[in-house]
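>
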Amino acid sequence: MAPTKGETLVIGGGIIGLACAFFLHRQGRAVRVIHAVGLDESTSCGNAGGIAAAEVLPLSGPGVLLNTPKWLIDPLGPLSIRTAHIPRLLPWFWRFIGACTVEKRRYLAQAMATLLGTALADHEAVLDATRLSHLVAKKGALFVYKSRSGRHASQPDWDLRRDCGVQFEPLERAGLLEFEPALGPLAACGYRTEDWAHYRDPAELVVELAAYLKAAGVQFEQAEVDEMRCQEGNARGVKLTTGRIIDADHIVVAAGAWSARLSRQLGDPVSLESERGYNTTLAQPHIEVRSFVTFSEDYFVMTPMRMGLRIGGAVEFAGLQAPPNYNRARALLRLAKTYLPDLHTEGGSEWMGHRPSTPDSVPVISPAQHYSNVFYAFGHGHLGLTGSMTTGRLIADLVAGVPVDVDLSPFHIKRFS
Ligand SMILES: Cc1cc2nc3c(=O)[nH]c(=O)nc-3n(C[C@H](O)[C@H](O)[C@H](O)COP(=O)(O)OP(=O)(O)OC[C@H]3O[C@@H](n4cnc5c(N)ncnc54)[C@H](O)[C@@H]3O)c2cc1C
Numbered sequence: 005m006a007p008t009k010g011e012t013l014v015i016g017g018g019i020i021g022l023a024c025a026f027f028l029h030r031q032g033r034a035v036r037v038i039h040a041v042g043l044d045e046s047t048s049c050g051n052a053g054g055i056a057a058a059e060v061l062p063l064s065g066p067g068v069l070l071n072t073p074k075w076l077i078d079p080l081g082p083l084s085i086r087t088a089h090i091p092r093l094l095p096w097f098w099r100f101i102g103a104c105t106v107e108k109r110r111y112l113a114q115a116m117a118t119l120l121g122t123a124l125a126d127h128e129a130v131l132d133a134t135r136l137s138h139l140v141a142k143k144g145a146l147f148v149y150k151s152r153s154g155r156h157a158s159q160p161d162w163d164l165r166r167d168c169g170v171q172f173e174p175l176e177r178a179g180l181l182e183f184e185p186a187l188g189p190l191a192a193c194g195y196r197t198e199d200w201a202h203y204r205d206p207a208e209l210v211v212e213l214a215a216y217l218k219a220a221g222v223q224f225e226q227a228e229v230d231e232m233r234c235q236e237g238n239a240r241g242v243k244l245t246t247g248r249i250i251d252a253d254h255i256v257v258a259a260g261a262w263s264a265r266l267s268r269q270l271g272d273p274v275s276l277e278s279e280r281g282y283n284t285t286l287a288q289p290h291i292e293v294r295s296f297v298t299f300s301e302d303y304f305v306m307t308p309m310r311m312g313l314r315i316g317g318a319v320e321f322a323g324l325q326a327p328p329n330y331n332r333a334r335a336l337l338r339l340a341k342t343y344l345p346d347l348h349t350e351g352g353s354e355w356m357g358h359r360p361s362t363p364d365s366v367p368v369i370s371p372a373q374h375y376s377n378v379f380y381a382f383g384h385g386h387l388g389l390t391g392s393m394t395t396g397r398l399i400a401d402l403v404a405g406v407p408v409d410v411d412l413s414p415f416h417i418k419r420f421s
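Each residue of the sequence shown is one higher than the one before, counting from 5 in this note's numbering.
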């Protein structure tokens, strides 16, 4: 493909922005990445590391609405909403309720299954090209239940996953222990899927991918975009908070949970919330964990990483500014100890990140409605790492104006207009 004269500007240096930069650069474009925080500081650097291609179900669903009051009553339960944030959350929550029907859940799950169907292959393609394959562990994933009745109650979810093409096998306790001998008596049964891999350190992926791109000629600049500059149906570039203007031929908005302010400036309203999540990384857990494990009835996960065992989860709606409440991370450690009696929970490092979440759990991968040279790549919620490389590939095709191999209509920004 012939390179364009001007630059393609990617706003955002998280994993979505970097994946877009990778595929855009591969098309022969001059690419500049603008990132407000350091490359090693984004949400993409501290997450659970899962390439969770099997995790196609949206958060919304009839069961979620039924459980919400129970979760909210427990101050350290899986879901919390800070009181001061309730008025701002209401429009998002209203749309979330609209996505809770059985039919909508099926539609959204199928959309995600289509998007994530190539996730593992797209990660592999980027890792091969960048010589970073050693960062990934292809160990599948385990889902642990503490009761047969708990597993039975989730049967409709597993049926829907199967309908979406996800492959998995049920396991009884002995089967669980074969994969993860550290599990204690609470682990009763579960499922195993191979449609899953994990990064040994998501920060290392971000930093190494950025280093590869820099060496290949992609420009990086730590700065904050204040304004999108537009004229007659075309974006001209951006204005930084310093006042400096950067011109661009094309712009990709990949600013994670901060993207809504920028899309709104272009006449594209979007319902986007920070769904804050927490984890603790234990350098010396004193147990061996082999693969990614989800504790399905208690809504937390653990990942064996290069620097220790990472245990986390939680959904907290408190906006982008409120200080973290690390008691949430500590509550998850206490829960983990009930499943893993020999786990040493002392001395971990705590972390909080902002999942950029839409009310229907599917991302925005879309051209802008009013400016033909602007594209959106944000809103990946719980699955931003998983969907990153596929998103980058699709965005590069959209920018180039070539046909994409996925029906992108469920991901279009016009659903918010
Ligand atoms: C606890 C937790 C566990 C998770 N586990 C997983 C998992 O196992 N698997 C998975 O797939 N996903 C997981 N996620 C979700 C995943 O981390 C996110 O979906 C993903 O990191 C989002 O990437 P992003 O690039 O869109 O945003 P971010 O990583 O937040 O990056 C946003 C970038 O935009 C920049 N930016 C913002 N505003 C501006 C501006 N105005 N000007 C310039 N730059 C700007 C920021 O500086 C940053 O560089 C998890 C999230 C959390 C919180």
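No residue lacks a Cβ here, since even glycine has one placed at the ideal position from N, Cα and C.
(1) Hey, is T390 close to ligand 1, as in C-beta under 7 Å from one of its heavy atoms?
(2) For the beta strand (DSSP E) that P174 lies in, which residues bound it at each end?
(3) Quick check on Y303: does DSSP put it in helix, strand or coil?
(4) Is any non-hydrogen atom of ligand 1 found closer than 7 Å to the C-beta of S370, if you look at the structure I gave you?
(5) Specify the secondary structure class of E225 as computed by DSSP and reduced to three states.
(6) CB-CB under 8 Å to R310, same chain, minus the five flanking residues each way: which ones, in chain order?
(7) I'd like the ranges of any beta strand (DSSP E) spanning at least 3 consecutive residues and lying wholly in the stretch 266-297.
(8) Quick check: is any heavy atom of ligand 1 less than 7 Å from the C-beta of T362?
(9) Could you tell me whether the Cβ atoms of W75 and P66 are closer together than 8 Å?
(10) Under 7 Å: does the beta carbon of N51 sit that close to some heavy atom of ligand 1?
(11) Between which two residues does the alpha helix (DSSP H) containing D163 stretch?
(12) Note down, in chain order, each residue of its chain lying with its Cβ closer than 7 Å to the Cβ of K243, except the 5 sequence neighbours on either side.
(13) Going by DSSP, what residue range makes up the alpha helix (DSSP H) through K150?
(14) Where does W98 land, buried or exposed, given buried means 16+ other C-beta within 10 angstroms?
(15) Give the straight-line distance between the Cα atoms of Q171 and I55, rounded to the nearest whole angstrom.
(16) Could you check if H138 is buried or exposed, using at least 16 other CB atoms within 10 Å of its CB as the buried criterion?
(17) For T197, is the beta carbon positioned less than 7 Å from some heavy atom of ligand 1?
(18) On a Cα-Cα basis, can you pick out the residue from N51, F27 and F299 that is closest to T284?
(19) According to the Cβ coordinates, are D199 and G10 closer than 8 Å?
(20) For the alpha helix (DSSP H) containing H127, list its first residue and its last residue.
(21) In the DSSP assignment, find the beta strand (DSSP E) that holds W355 and state where it starts and stops.
Working from what's here:
(1) Ligand 1 has a heavy atom closer than 7 Å to the beta-carbon of T390.
(2) E173 to E176
(3) coil
(4) no
(5) If DSSP states are grouped into helix, strand and coil, E225 belongs with the strands.
(6) R204, D205 and E208
(7) 277-286
(8) no
(9) no
(10) yes
(11) Q159 to D167
(12) So the qualifying residues of the chain are D230, E231, R233 and I249.
(13) It is not in any alpha helix (DSSP H) - K150 carries neither H nor E in the DSSP assignment.
(14) exposed
(15) 15 Å
(16) exposed
(17) no
(18) N51
(19) no
(20) A123 to T134
(21) First-last of the beta strand (DSSP E) with W355: S353 to S361.
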